[in-house]
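Each remark here refers to the structure printed beneath this line.
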């Protein structure tokens, strides 16, 4: 089959995926599987070969992603139930002072979203936004935007959150590099889209606490865990994973310390340690029964399961593109493009994001399309970390009415659609653009 025909198949596959998700409202998991089947058949693969590609793509992806996302979800659920997120927010606001509460909320969101899903983190912490706005008389946006920016940046850029985990696995990036570059891109993005933009938009749009939201502070059955304990538990997996990456650069192969740090810093081991410590230190030692802890862990896997399956289907899409030959031709065409690969990755993710709304689907689709290009160009090491953040940045921009996050913020802040577009959508776009600009500049120095 000619190269042009294979390119046409790839283009039609993207349109078919968008049509199924947007117009027919077919679940992204089923849509990705169906499109993968059709691509394999249209490209002339043997029927048994299509099935083998699907099996290999699903198994190869879930072997890593399911473990990491599952462990991360249980860790985050334990932090939420124990009141750890609440403790972080209270302590930081107290230390920063009420006049700098924006910065405290931005930092709280940045830390909390490492183990806790974005929407859960926002729902837990939004009562703090309500109480600050009532006390000071300022717009809810003055405080909500910094919190949302902190949550959104980490949720998009820094593992072990599901999006960057999925992209890193699909393109073969080391998580240590993703954490490093995600932090470097995320901090300025959070500052600009959070406290700075929050102060500006809070003066333009005055939003008060909606009548239908209860203002009662969340009650916990037990005393909140200490600030030091919570931050230590969150930092343990990040430090171990970064130590693994640094040891690969600084220590020679065969060095026993490198072998030890590589083992301890593997995401499986690092997150298992953090999750077990959370079960013990936030759970059983603070009065929860073993059955309570087991129930908390089981509940955590419900939302994680959907993310894991969609990511697995993204792995199938990537594998079918590669095995059918579509990926190779697509990679060659992209490589001959005048656009730098990192810019191309950002634009593809942004286009899919705007069209269908889901950041996760945007990330796995862009990663699947970029994977053949990465292979053909022999890209490896730190540059793949930059690529992950570029894809995540593209999948963050221009959240609008087809994104569930848009409506979550719209409801909890009691805004109309126009004001949500002026605040939330602009904030998300600032995060994506600033994050991308940082990694794009870094790409000139890292190869």
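In the numbering used here, the protein residues as written are 820 to 1266. All residues carry an ideal CB built from backbone N, CA and C; glycine is no exception.
DSSP, read as helix, strand or coil, puts residue 1073 in coil. Taking a 10 Å sphere around the C-beta of residue 996, we find 16 or more other C-beta atoms and assign the residue as buried. Going by DSSP, residue 949 is part of the alpha helix (DSSP H) stretching over 937-955.
Linking residue 891 to residue 987 through their CA atoms gives a straight-line distance of about 15 Å. Residue 1057 and residue 956 have their C-alpha atoms roughly 38 Å apart. Per DSSP, the continuous alpha helix (DSSP H) segment holding residue 847 begins and ends at 847-861. Nearest C-alpha to residue 895 among 1212, 1117 and 915: 1117. Where residue 1238 is concerned, the enclosing alpha helix (DSSP H) starts and stops at 1236-1239. Counting the other CB atoms within 10 Å of its CB gives residue 1222 a total of 16 or more, which places it among the buried residues. Comparing C-alpha distances from residue 1190 to each of 1211, 1140 and 1181 shows the shortest one belongs to 1140.
Here residue 1174 really is in contact with residue 841; their C-beta atoms are around 7 Å apart, less than 8 Å. Around the beta carbon of residue 1076, fewer than 16 other beta carbons sit within 10 angstroms, so the residue counts as exposed. Cβ-Cβ separation between residue 1143 and residue 859: approximately 5 Å, consistent with a contact (criterion under 8 Å). In terms of Cβ geometry, residue 862 and residue 826 do not form a close pair [threshold 7 Å]. For the pair residue 1049 and residue 1078, the Cα-to-Cα distance works out to about 29 Å. Straight-line spacing of the CA atoms in residue 1110 and residue 1090 works out to 21 Å. Here residue 1197 is exposed: its Cβ has fewer than 16 other Cβ atoms, across all protein chains shown, within 10 Å.
Between residue 1126 and residue 981, the C-beta spacing is below 7 Å. When DSSP assignments are scanned along the segment 1092-1180, the uninterrupted stretches of alpha helix (DSSP H) that are 4 or more residues long and fall wholly within it turn out to be 1109-1143, 1145-1154 and 1160-1175. When the Cα atoms are used, residue 924 and residue 1074 turn out to be separated by approximately 43 Å. When only Cα atoms are considered, residue 918 and residue 1162 end up about 39 Å apart. In this structure, DSSP gives residue 988 a helical state, which the three-state scheme calls helix. Rounded to whole angstroms, the Cβ separation of residue 1157 and residue 1185 is 19 Å, and the two are not in contact under 8 Å.
By the CB criterion at 7 Å, residue 1136 and residue 1209 fall outside the cutoff. Put simply, of 999, 1260, 930 and 1015 the residue whose alpha carbon is nearest the alpha carbon of residue 1059 is 999. From the listed residues 886, 1045, 1247 and 1114, the smallest Cα separation to residue 1086 is found for 886.
Residue 935 holds the alpha-carbon nearest to the alpha-carbon of residue 1094 among 880, 856 and 935. In the three-state reduction of the DSSP assignment, residue 975 falls in the helix class.
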